[in-house]
Amino acid sequence: MKPEPAYYRRTQLLWGVLLIAIGAIILLDRLDVIYLHDYYALWHYWPVILAVFGLNKLLTPVSAKQVLSGLWLIFFAAWWYVSYEELWNLNFYNSWPALLIAWGVGLVLEPLLNKHFIAYQESEHEK
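Numbered by UniProt numbering, the letters in the sequence shown go through residues 1 to 127 in order.
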């Protein structure tokens, strides 16, 4: 099955908007219109970018792999942020098994989602 061209357009639009926003913020900082005193403080929010790309994959998905990929990106971004910030006393050392659990959940969900997409495609084909 060939991925939907709309997905590629959304991804390209998302990258474009992201690059424009980052470039505009840096330019405004360099022109002293805004003041970003610590770029490194912003850096630990990079998992938000992964979450946005995960959400992009979940918008009108065309396959089970696309859904699982989107969910994985969102989960990984959340896990990284929680571990980095040590929220709820979780850090990289004690929270890495959550990645194994998420991987297992993905393996369990894949056949179920495949069934759903096959049934949906068959019902669309009958119309």
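All C-beta atoms, glycine included, are put in the ideal place defined by N, C-alpha and C.
Small disclaimer: the values here were computed from a predicted structure and weren't measured.
Residue range of the unbroken alpha helix (DSSP H) whose run includes residue i
i, result
"I74", "A64 to E85"
"L90", "Looking at the DSSP string, L90 is not in any alpha helix (DSSP H), and its letter there is neither H nor E."
"P61", "Careful: P61 lies outside any alpha helix (DSSP H) and carries neither H nor E."
Whole-number beta carbon distance between residue j and residue i, since they are thought to touch under 8 angstroms
i, j, result
"F76", "L50", "6 angstroms"
"V67", "L99", "That belief does not hold up - the Cβ atoms of V67 and L99 are roughly 18 angstroms apart, past 8 angstroms."
"L59", "R10", "7 angstroms"
"N56", "L19", "15 angstroms between Cβ atoms; not a contact."
"Y84", "H44", "6 angstroms"
Exercise. If you pair each beta-carbon of the region 77-86 with each one of the region 12-31, do three or more pairs fall below 8 angstroms?
Worked result: The region 77-86, when compared against the region 12-31, does not touch it at the 8 angstroms Cβ threshold.
Problem set entry | Any 3 or more C-beta pairs closer than 8 angstroms across the region 57-72 and the region 102-113 | With the cut-off at 8 angstroms, the region 57-72 and the region 102-113 touch.
Exercise. Enumerated in chain order, which unbroken segments of the alpha helix (DSSP H) with a length of 4 residues or greater are wholly contained in the region 6-41?
Worked result: Counting only runs of 4 or more, we get nothing.
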